[in-house]
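What follows is a single structure, written as structure tokens, with notes after it.
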Amino acid sequence: MSTKVYTYGTRGMIEEWSTLRKYHSCTVVSVEGVKICIDCGSPALFRHVLDADAFVNSHSHPDHLLGLVDKKVEVPTFMGEFSTHMDPVPSYFKKIEFKNLKVVKRRVKVKGLTIEFVPVHHSVRCPMCAIYFPDLRLMVATDIVAPVGGWSQWKQKIRFYVGDCSSPATPIMRRRGGKVFGHASVVSQIKALGDKHYLFTHHGRRTIELKECEVIRRIGAPIKVAKDGDVFDLDGERGFVRR
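For the sequence shown, my numbering begins at 10 and goes up steadily by one.
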């Protein structure tokens, strides 16, 4: 099954940017020509939404959604039911004209491709769903502390993992009302899942300017590190292969 991952936007919710990572979160998964666009944080990337067979919103933080403001989104659009519990609903969310928005409790199929919404700990105000493709054993979790229910249930299901590069080694986490929110470190995500194929995106201040080799040196693990405009093939043996 021919699968590609495009990382058009790789910058997290920070003011800093670099020539490597200028645009906010936008990831496209293409399977046999079926394109799923996950998030669109920068207006310059909206063309990738238009080119997709479906748009999937992981959650409503601005770095994942501002690219749609004042736009008409006419492609089929899906959002996990977990992510609809916004408190409050952001003002910019109300400025997006979704022509075909459907709320999904768990799974949906787009042209034969199954997409699963996985509730994760990340935000109290804008609950987040990781996006899982069971046919590929691929999870895209660009903002995450941990899946709701823990990591162990996913260790056997995941083979390819696109994760959160907000912080290399030190978690950025807080608690409010008994709920944890923030970002797991790259190291803790790898430790939780074990021997998988890894690609990290959604960069924070500590990695926004770093080349891949520099991030790998800090992590001490053989991972791939995305920058804007990267394209990766999924390979069963070699993992994410940069084109």
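For each residue, glycine too, the CB sits at the ideal point set by N, CA and C.
In angstroms with no decimal places, state the Cα-to-Cα distance between Val196 and Arg20.
19 Å
Return the CA-CA distance between Val129 and Arg115, expressed in angstroms with no decimal places.
Their Cα atoms are separated by approximately 13 Å.
Mind reading off the beta-carbon distance from Ala235 to Ala193? Whole number of angstroms is fine, and I expect it under 8 Å.
So it is not a contact: roughly 17 Å between Cβ atoms.
Specify, as a first and last residue, the run of the beta strand (DSSP E) that Val8 falls within.
Residue 8 is absent from the structure shown; the chain starts at 10 and stops at 252.
Between which two residues does the alpha helix (DSSP H) harbouring Pro71 extend?
It spans Pro71 to Leu74 - the alpha helix (DSSP H) in which Pro71 sits, taken as one unbroken run.
Between the alpha carbons of Pro231 and Pro85, how many angstroms are there, rounded?
Using only the alpha carbons, I get a separation of about 36 Å.
Taking the alpha-carbon positions, what's the Phe249 to Ala150 distance?
One C-alpha to the other measures close to 15 Å.
Whole angstroms is fine: what's the gap from Lys120's alpha carbon to Gly42's?
Cα to Cα, Lys120 sits roughly 10 Å from Gly42.
Could you name the residues of the same chain whose beta carbon sits closer than 8 Å to that of Met10, not counting the 5 residues immediately before and after it, in chain order?
Val40, Glu41, Asp144 and Leu145
Grab the span of the alpha helix (DSSP H) containing Glu125 for me, first residue to last.
From DSSP, Glu125 is part of no alpha helix (DSSP H) but of the beta strand (DSSP E) over Leu122 to His130.
Who are Met95's beta bridge partners in DSSP?
Looking at the DSSP assignment, Met95 forms no beta bridge with any residue, so it has no partner.
Report the three-state DSSP secondary structure of Cys49 (helix, strand or coil).
coil
Per DSSP, what are the beta-bridge partners of Leu243 in this structure?
Phe249
Select from Val14, Leu29, Tyr15 and Thr16 the residue whose C-alpha is nearest the C-alpha of Thr216.
Scanning Val14, Leu29, Tyr15 and Thr16 for the CA closest to the CA of Thr216 turns up Leu29.
Look at the alpha carbon of Glu246 and the alpha carbon of Pro97, and state the distance between them as a whole number of angstroms.
Going by the C-alpha atoms only, they are around 44 Å apart.
Given this structure, state the Cα-to-Cα distance separating Gly187 from Ile23, to the nearest angstrom.
26 Å
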